[in-house]
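Chemist: Numbering-wise, my numbering puts 91 at position 91 of the sequence shown, and it's gapless, one number per residue. Quick one: the structure is below, and I'll ask about it shortly.
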Amino acid sequence: MKPLVLLPALLLCGCAWLESVDLPARPRLALPEAEVQQITQQALALRARAEQVRVAIAAEADRHVRMQQYRELRDLDDERLPLERRLEDAGRPLPSAVTAPSGT
Numbered sequence: 001m002k003p004l005v006l007l008p009a010l011l012l013c014g015c016a017w018l019e020s021v022d023l024p025a026r027p028r029l030a031l032p033e034a035e036v037q038q039i040t041q042q043a044l045a046l047r048a049r050a051e052q053v054r055v056a057i058a059a060e061a062d063r064h065v066r067m068q069q070y071r072e073l074r075d076l077d078d079e080r081l082p083l084e085r086r087l088e089d090a091g092r093p094l095p096s097a098v099t100a101p102s103g104t
């Protein structure tokens, strides 16, 4: 009976030990500067197009049209996210899309 009582304590200790083990850092993806610039421009263009679609969604009254626009937005994000991941893996993430409101 005592082993069954001690089992959860041993499992918790093992989990705590596993969290303290440092994993080696992943090596950065080596990308040529020209490719980084190209991927950056593509990702920024997709972000800009997605923002245009968001504005159109907000102004659209017909829900069927909005659903088509949401699909387009999803497709744009599906295309943009792998590009941004490649840049992050290369240590060159895009700046945050969050901006302060203008006119203040």
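Glycine is no exception: its CB is placed at the ideal position from the N, C-alpha and C atoms. Computed from a prediction, not measured in an experiment: that's the story for all the values here.
Taking only the alpha-carbon atoms, compute the straight-line gap between A43 and M67 and give it to the nearest angstrom.
Modeler: By 1-based counting over the sequence shown, the position of residue 43 is 43. By 1-based counting over the sequence shown, the position of residue 67 is 67. If I take the Cα positions, the gap works out to 23 Å.
Chemist: Closer than 8 Å is the cut-off here; do at least three beta carbon pairs connect the region 68-76 with the region 45-54?
Modeler: Because the criterion of three Cβ pairs below 8 Å is met, the region 68-76 and the region 45-54 touch.
Chemist: What's the call for L87, buried or exposed, on a 16-neighbour Cβ count within 10 Å?
Modeler: In the sequence shown, residue 87 corresponds to position 87, counting from 1. Buried is the call here.
Chemist: What number of angstroms, rounded off, separates the C-alpha of L29 from the C-alpha of A58?
Modeler: Sequence index remark: in the sequence shown, residue 29 carries index 29 (1-based). Sequence index remark: in the sequence shown, residue 58 carries index 58 (1-based). Cα to Cα, the separation comes out at about 38 Å.
Chemist: Where does the unbroken alpha helix (DSSP H) through A107 begin, and where does it stop?
Modeler: Residue 107 falls outside the range modelled here, since the chain spans only 1 to 104, and no answer is possible.
Chemist: Let me know if V53 comes out buried or exposed under the rule of 16 or more other beta-carbons within 10 Å of its beta-carbon.
Modeler: Within the sequence shown, residue 53 is the residue found at index 53, counting from 1. When all chains shown are included, V53 counts as buried.
Chemist: Do R80 and T40 count as a contact pair if the criterion is CB distance below 9 Å?
Modeler: As a position in the sequence shown, residue 40 is number 40, starting the count at 1. As a position in the sequence shown, residue 80 is number 80, starting the count at 1. Cβ distance not < 9 Å, so T40 and R80 don't count as in contact.
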